[in-house]
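*Asks:* Encoded as structure tokens, here's the structure I'll be asking about.
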């Protein structure tokens, strides 16, 4: 570290031959490359973080606003508008804002914090049961069909991927009405799938079955019934043969050659391409499938306030014997763009003012990150809050082919493989999914760890690139945690040694699959010396099966030398039967606080073994059944 700091000072001093103070824009091209090379190869993580962030920002922003389309002929339709559906939504509320008292007034049975999977199920089912529901959502409300929200990073927390404390992992955390159901791929991995069912039974044996009153929680019969309800509401469909594009065929055919097994077709919460309500809207999100009916009900409407950030829960009573009675929130600056609904109730609540609202029950459904922040900002002292979460780290692997792949065409994600989830495999060769996913033209430039000129060359050849990702089912690590400093979250995340080895093995397997399917080279965004010492200027790729094997022993996943993404944060506020190791009881109620419940991804004890959306829908439905049964 000391040597690296001295080298950096020496490098900067070599630039200061000019009479004025030097900025990066004053440097020559060669000086900039020299500085960048120092940063990405430094033994000091802070330097690497700077270099990695600069590179990603450069590539993400440089090729936007038409340049990408001009270079490739590929249209980026991320922000493509459409005709809103309906044009002017009918919303009404029986609640009022008292400006003098800074309060929301009116009869409210339940306040739901968050409008993603858990919040949508709770709000919808409670409203149908006659409960008076207020939903508070920090993100914007996009009128369904007005904008293409699918995979649109502008609707993530902070409008971009969120980094952990040392910048080594990028978390894709949605912040929008509908949560992840609005921007994700819409994959359905039912909790009834054999390996998911096996995982959930493992949780039950470890944490729940020791208590008689918890033996029915998430039982196979209950999960099957909950998923049956989900199927009837969402009508998930299996991808049709005609929708499997060339990129997905790489995984399908490559698996056959490499393992002698077939890939599986995704089940999607999506319409057929081009058959959705509008030309850009093919998702079946929780908004139009669950919330919309309650929002437009004239007798007992759900009231949904978007752009409303909850700061804390309000309590009565002494610590350990408290009762939740309401919440404090503030309105944030809304996004003024076509298709985004702003104050549809005309309540005219001022921004950045602390507003109070009271109710009989408070349901926290703000997701792994949001629910943790609210619990901690509310002064709850349970040491388990925010601790031991999982995240499904994901590494994309791309191959360059002689033929056009056109990975962006048609249904971008239609094939996956759970071949490496088989318990019979050796421990370090299992525990990850292979998933084909969307691929924009600029990712071809992003993944090659080389000169900007090399990125430009790759982007011009974007049609020739295809690939997939390795999604690791990570182990529970008690050191992984979410802390709050000055009201804002800080995420601490790390993989244990075995998880790193399993993920490296998965990358090696994908490289082999792509090579066997005809890739002339395979690229992964890594600045590690996988094939021995090399200059980053020359770029990095593997071209043979023997070279692909090098990932297994040499890919160490050093922070900020690799692109590591995570899309599914879960397990920060675990459900259990013992307050010393969990945050909520089997009824989802926070230990020591009556009337405060957590219903979202954060209550899962660990990863269910696949993309968790369907599992979260199912446990949320089971919660509403139990709660409503007891309250009537």
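In the working numbering, the protein residues as written are 253 to 884. Note that beta-carbon positions come from the ideal geometry of N, C-alpha and C, so glycine has one too.
1. Taking residue 814 as the reference, give the member of 418, 333 and 863 with the closest Cα.
2. Which runs of the alpha helix (DSSP H) spanning at least 4 residues fall entirely within the segment 600-664, listed in chain order?
3. Pairs of beta-carbons, one from the segment 530-540 and one from the segment 577-596, closer than 8 Å: are there three or more?
4. On the CB-based measure, 16 or more other CB atoms within 10 Å of its CB, does residue 716 come out buried or exposed?
5. Looking only at C-alpha atoms, which of 381, 883 and 876 sits nearest to residue 369?
6. As a quick exercise: from 524, 710, 837 and 570, pick the residue whose alpha carbon is nearest that of residue 495.
7. Start and end of the alpha helix (DSSP H) containing residue 753?
8. Report the rounded CA-to-CA distance for residue 266 versus residue 297, giving the unit in angstroms.
9. By alpha-carbon positions, which one of 631, 306 and 547 ends up nearest to residue 568?
10. So is residue 493 buried or exposed if we call it buried at 16+ other beta carbons inside 10 Å?
11. Use the C-beta contact count for residue 574: other C-beta atoms within 10 angstroms, 16 or more gives buried, fewer gives exposed.
12. Alpha carbon to alpha carbon, what distance is there between residue 719 and residue 799?
13. Can you list, in chain order, the stretches of the alpha helix (DSSP H) that have 4 or more residues and sit fully within the segment 489-560?
14. Per DSSP, residue 900 is paired with what?
15. Tell me which residues share the same chain as residue 591 and place their Cβ nearer than 7 Å to its Cβ, disregarding the 5 neighbours each side in the sequence.
16. Am I right that residue 667 and residue 508 are in contact with their C-beta atoms under 8 Å? What's the rounded C-beta distance?
17. Would residue 778 and residue 701 be called neighbours here (beta carbons separated by less than 8 Å)?
18. Would you kindly check if the distance between the Cβ of residue 723 and the Cβ of residue 660 is under 8 Å?
19. Which of helix, strand or coil does DSSP assign to residue 415?
20. Apply the 10 Å Cβ neighbour rule to residue 345 and answer buried if 16 or more other Cβ atoms are within range, or exposed otherwise.
21. Is the distance from the Cβ of residue 792 to the Cβ of residue 775 below 8 Å?
22. Find the nearest neighbour of residue 838 within the set 672, 431 and 460, judged by alpha-carbon distance.
23. Does DSSP put residue 243 in a helix, in a strand, or in coil?
24. Mind pulling the alpha helix (DSSP H) runs of 4 or more residues that sit fully within the segment 797-850?
25. How long is the line joining the alpha carbons of residue 282 and residue 327, rounded to whole angstroms?
26. What residue from 654, 879, 860 and 780 has the CA that sits closest to residue 440's CA?
27. If you follow the alpha helix (DSSP H) that residue 446 is in, where does it begin and where does it stop?
28. Among 830, 415, 603 and 755, which one has its Cα closest to the Cα of residue 354?
29. Take residue 422 and list the residues in its own chain whose beta-carbon comes closer than 8 Å to its own, dropping the five residues that flank it on each side.
30. Can you tell me which of 622, 689, 626 and 681 puts its alpha carbon nearest to the alpha carbon of residue 648?
31. Count the other CB atoms, across all protein chains shown, that sit within 10 Å of the CB of residue 730; report buried if there are 16 or more and exposed otherwise.
32. CB residue 560 to CB residue 807, shorter than 8 Å?
33. Straight-line CA distance for residue 305 to residue 733?
34. Give the secondary structure of residue 312 by DSSP, where H, G and I count as helix, E and B as strand, and everything else as coil.
35. How many Å lie between residue 737 and residue 634 at the Cα?
36. Considering only the beta carbon of each residue, do residue 311 and residue 300 sit closer than 8 Å?
*Replies:* Quick answer:
1. For the purposes of this step, residue 814 is taken as the residue at position 562 of the chain shown. Of the listed residues, the one whose Cα sits closest to residue 814 is 418.
2. Taken in chain order, the complete alpha helix (DSSP H) segments of 4 or more residues contained in the segment 600-664 are 619-629.
3. Touching, no.
4. Counting from 1 along the chain shown, the entry for residue 716 is found at position 464. Result: buried.
5. Within the chain shown, the letter at position 117 stands for residue 369. Residue 369 has its Cα closest to that of 876, out of 381, 883 and 876.
6. As a working mapping, residue 495 is identified with position 243 in the chain shown. In this structure, 524 is the residue among 524, 710, 837 and 570 with its C-alpha nearest to the C-alpha of residue 495.
7. Residue 753 sits at position 501 when you count from the first residue of the chain shown. Per DSSP, the continuous alpha helix (DSSP H) segment holding residue 753 begins and ends at 749-768.
8. Translated into the one-based positions of the chain shown, residue 266 becomes position 14. Translated into the one-based positions of the chain shown, residue 297 becomes position 45. The straight-line gap separating the alpha-carbon atoms of residue 266 and residue 297 is approximately 23 Å.
9. Taking the chain shown and counting its residues from 1, the one referred to as residue 568 is at position 316. Residue 631 holds the alpha-carbon nearest to the alpha-carbon of residue 568 among 631, 306 and 547.
10. On the chain shown, position 241 is the one that residue 493 refers to. So residue 493 counts as exposed.
11. Position 322 of the chain shown, counting from 1, holds the residue named residue 574. Label assigned to residue 574: buried.
12. As a first step, residue 799 must be located in the chain shown, where it is residue number 547. As a first step, residue 719 must be located in the chain shown, where it is residue number 467. Residue 799 and residue 719 have their alpha carbons spaced roughly 18 Å apart.
13. If we require 4 residues or more, the alpha helix (DSSP H) runs fully inside the segment 489-560 come out as 498-510 and 544-547.
14. Since the first residue shown for the chain is 253 and the last is 884, residue 900 is missing from the structure and cannot be characterised.
15. Mapped onto the chain shown, residue 591 falls at position 339. Sequence-distant partners of residue 591 (beyond 5 residues in either direction) whose C-beta falls short of 7 Å from its own C-beta, in its chain, are 333, 336, 394, 395, 398 and 399.
16. In the chain shown, counting from the first residue as 1, residue 667 sits at position 415. In the chain shown, counting from the first residue as 1, residue 508 sits at position 256. Taking a contact as a CB-CB distance under 8 Å, the pair residue 667 and residue 508 does not count as one, their CB atoms being some 11 Å apart.
17. Reading the chain shown from its first residue, position 526 is the one you call residue 778. Reading the chain shown from its first residue, position 449 is the one you call residue 701. Yes, Cβ-Cβ distance for residue 778 and residue 701 is below 8 Å.
18. Position 408 of the chain shown, counted from the first residue, corresponds to residue 660. Position 471 of the chain shown, counted from the first residue, corresponds to residue 723. Contact: no.
19. Counting from one through the chain shown, the residue named residue 415 turns up at place 163. Three-state DSSP puts residue 415 in a strand.
20. Along the chain shown, one-based indexing puts residue 345 at 93. Under this definition residue 345 is a buried residue.
21. Along the chain shown, read from residue 1 onward, the residue named residue 792 stands at position 540. Along the chain shown, read from residue 1 onward, the residue named residue 775 stands at position 523. Yes, Cβ-Cβ distance for residue 792 and residue 775 is below 8 Å.
22. As a first step, residue 838 must be located in the chain shown, where it is residue number 586. Of the residues 672, 431 and 460, the one whose Cα lies closest to the Cα of residue 838 is 460.
23. The chain is shown from 253 up to 884; residue 243 falls before or after that span and cannot be answered.
24. The alpha helix (DSSP H) runs of length 4 or more contained entirely in the segment 797-850 are, from start to end of the chain, 797-806.
25. The count along the chain shown starts at 1 and reaches residue 282 at position 30. The count along the chain shown starts at 1 and reaches residue 327 at position 75. The straight-line gap from Cα to Cα measures roughly 33 Å.
26. For the purposes of this step, residue 440 is identified with residue 188 of the chain shown, where counting begins at 1. Of the candidates 654, 879, 860 and 780, the one whose C-alpha sits nearest the C-alpha of residue 440 is 860.
27. Translated into positions along the chain shown, residue 446 becomes position 194. That run of the alpha helix (DSSP H) goes 446-455.
28. Translated into positions along the chain shown, residue 354 becomes position 102. Relative to residue 354, the option among 830, 415, 603 and 755 whose CA is nearest is 603.
29. Against the chain shown, residue 422 aligns to sequence position 170. Scanning its chain for C-beta atoms nearer than 8 Å, with the 5 sequence neighbours on each side dropped, one finds around residue 422 the residues 413, 414, 415, 815, 816, 817 and 818, in chain order.
30. By one-based count along the chain shown, residue 648 stands at place 396. The closest CA to that of residue 648, considering only 622, 689, 626 and 681, is found on 689.
31. Within the chain shown, numbered from 1, the residue matching residue 730 stands at position 478. Here residue 730 is exposed: its Cβ has fewer than 16 other Cβ atoms, across all protein chains shown, within 10 Å.
32. For the purposes of this step, residue 560 is taken as residue 308 along the chain shown, with counting starting at 1. For the purposes of this step, residue 807 is taken as residue 555 along the chain shown, with counting starting at 1. Contact: no.
33. To locate residue 305, count along the chain shown from 1; it is residue 53. To locate residue 733, count along the chain shown from 1; it is residue 481. Here the alpha carbons of residue 733 and residue 305 stand approximately 23 Å from one another.
34. Looking up residue 312 in the chain shown gives position 60. DSSP, read as helix, strand or coil, puts residue 312 in helix.
35. Within the chain shown, the letter at position 485 stands for residue 737. Within the chain shown, the letter at position 382 stands for residue 634. Residue 737 and residue 634: Cα-Cα distance of roughly 17 Å.
36. On the chain shown, residue 311 is found 59 positions in, with the first residue counted as 1. On the chain shown, residue 300 is found 48 positions in, with the first residue counted as 1. Contact: no.
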